[in-house]
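One structure is given here, and the rest of the page talks about it.
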DNA sequence: ATCCTAGTCGTCTCCCTGACGATAAAAAGC
DNA sequence: GCTTTTTATCGTCAGGGAGACGACTAGGAT
């Protein structure tokens, strides 16, 4: 930190990009926006923007998240924030010298997990936004044969992998659920994120037996047809001990 | 990414800071350097420096690591690099607006795990460097009652926690060992990083039974006194299935 | 020769997990 | 109304991993 004259630092721009994930119709989906200007005009991209001069990184990410989804983020002492039903954490930083053709841009990617939202509201500016299944975005050639802008496919892949591994040993899967949910709904979250089928009986035994994971909310509901299911809220536990195990293929 | 005029971006400096960990004398130690100029002149700090204009983040971290320790880093396709016996990965990014009193600095912290090195060579410039047990650096008031410079205590704490959790489910603990090592030496690594005592018999059964973790190197050695121990190298496995379990207090 | 130290193999028990049968309670179809 | 379908929930059982710990081995130290 002493090798350079601080007043002669090289010119960097710092942005935040958001991997916002949700589960819709039994599929893991990411929020993407259509770029209205070059470079990559017309391409789908992750939402994001420049960090403002007097704004922290988590603060910038929370602001962008609110602009794009309307979710309010409530910053916590650590690096993670919890919005109204949403979770926000730093993912990784991407700074390849040529990742943006305009200039040197270092992007601090964040990962947000949100429950199924009514509609992807188009945000403050006029860009169109949509939820796209990550399988399509990350498939060969990307969505509609067109890959994501910049290095956003790699960022999205890292975010998806982070989500997939983090619901193993933390209670974060509840961030995909509304405030009150059933064991079956939580199971469908795991199945959608991991892309596997889980045994309903073993899953029920596991989640109800893990202390602090779920607390009964008191009612029952019939949202899916079939026998009414008990309603739960997320418990106070953040780490799951023992973890949920992702079955191997 | 379209809200700002890219040519009018706010002025940011981007640095890399390094959490370099090793195990020395049954204690987890971090590399710290003494600052020779303000701010925090005379304080201990994590090694680091500015990212150069045409240099990637991992590249900058590898360069700093080589300057401070002499370890060569060999960049891999992913975000992680493996040096000659050392491991390097991105940790997290710290960008609080006031974290550096001189200017707005965003620091991309990296975590390096190295085997016990002969001596902390003072690096290219004249700053003094030393290995300090993390318990002293993170204890109340920090080393000698003086805390680390900037927010480096928080960065170090995050790096230590990352190392502690990552040796649970990956074979990264071998990065603290020389090329050939015994099961006992590997066990002392786990004990030092976690700060616990492990049962030698169960540990031996576990690591030798995990496929791909260790491969016999063919010889035996008596480095610690007692019965000669078989020598192993790190196997090809990077993830441990099932993981090593950190005992709870 | 004896003790000490560290390494290695074995055993036993507990608990978690996966596989899967059985029952319960609602909606959907007839 | 009755049956079928769907989902939820409880139980049982076998296999595997992990903690606790005994026993044996092979060097150095005294």
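Residue numbers (our numbering), protein chains in the order written: chain H, 160 to 408; chain E, 160 to 408. Note that beta-carbon positions come from the ideal geometry of N, C-alpha and C, so glycine has one too.
Residue 214 of chain H, enclosing beta strand (DSSP E) - first and last residue: Premise fails: residue 214 of chain H is in no beta strand (DSSP E) and is neither H nor E.
Positions along the segment 251-271 of chain E whose CB lies within less than 7 angstroms of some CB in chain H: 251, 252, 254, 255, 256, 261, 262, 263, 265 and 267
Other residues of its chain near residue 250 of chain H: CB distance less than 7 angstroms, five sequence neighbours each side excluded: 178, 268, 269, 270, 317, 318 and 321
Under 7 angstroms by beta carbon: chain H residues contacting residue 213 of chain E: 256
Where residue 329 of chain H falls: helix, strand or coil (DSSP): strand
At least 3 beta-carbon pairs within less than 8 angstroms: the segment 215-230 of chain E vs the segment 379-395 of chain H: no
Own chain residues within Cβ distance below 8 angstroms of residue 199 of chain E, not counting five before or after: 308 and 309
Where residue 216 of chain H meets chain E, residues with beta-carbon distance less than 9 angstroms: 252, 253, 254, 255 and 265
Beta carbon proximity, residue 312 of chain E to chain H, threshold 8 angstroms: no
Pick from H:399, H:402, H:398 and H:378 that is closest to residue 391 of chain H, judged by C-alpha positions: H:378
Own chain residues within Cβ distance below 7 angstroms of residue 365 of chain E, not counting five before or after: 403
Chain E within 8 angstroms of residue 173 of chain H, Cβ atoms only: yes
Proximity of residue 190 of chain H and residue 272 of chain H at Cβ, strictly below 8 angstroms: no
Where residue 355 of chain H falls, given that 16 or more other Cβ within 10 Å makes a residue buried: exposed
Alpha-carbon to alpha-carbon, residue 293 of chain H and residue 347 of chain E: 43 angstroms
Same chain, Cβ closer than 7 angstroms to residue 274 of chain H, five either side skipped, listed in chain order: 181, 244, 335, 336 and 337
Proximity below 8 angstroms, CB of residue 342 of chain H to CB of residue 326 of chain H: no
Amino acids of chain E, ordered along the chain, whose beta-carbon sits closer than 8 angstroms to that of residue 249 of chain H: 251 and 252
Beta-carbon proximity list for residue 295 of chain H, same chain, < 6 angstroms, skipping 5 on both sides: 302
Buried/exposed call for residue 208 of chain E, threshold 16 Cβ in 10 Å: buried
Simplified DSSP assignment, three categories, for residue 146 of chain H: The question about residue 146 of chain H has no answer, for chain H in this structure spans 160 to 408.
Residue closest to residue 399 of chain H, alpha-carbon to alpha-carbon, out of H:256, H:372, H:340 and H:247: H:372
Same chain only: Cβ atoms within 6 angstroms of residue 396 of chain E, ignoring 5 sequence neighbours per side: 330, 371 and 372
Alpha-carbon spacing of residue 161 of chain H relative to residue 394 of chain E, whole angstroms: In this predicted model, residue 161 of chain H has a pLDDT of only 42, less than 50, meaning its place in the structure is not dependable; the value taken from the coordinates is given anyway. The alpha-carbon atoms of residue 161 of chain H and residue 394 of chain E are separated by roughly 40 angstroms.
Beta carbon of residue 227 of chain E nearer than 8 angstroms to that of residue 313 of chain E: no
CB of residue 215 of chain H within 8 angstroms of CB of residue 256 of chain E, strictly: yes
Residue interval of the beta strand (DSSP E) (run including residue 289 of chain E): 288-292
Exposure of residue 192 of chain E, with buried meaning 16 or more beta-carbon neighbours within 10 Å: buried
Residue 252 of chain H (DSSP reduced to helix, strand or coil): strand
Where the alpha helix (DSSP H) containing residue 364 of chain H begins and where it ends: 359-368
Counterpart residues of residue 176 of chain H in DSSP-defined beta bridges: H:207 and H:268
Where the beta strand (DSSP E) through residue 193 of chain H begins and ends: 186-193
Where residue 343 of chain E sits in the DSSP three-state scheme: helix
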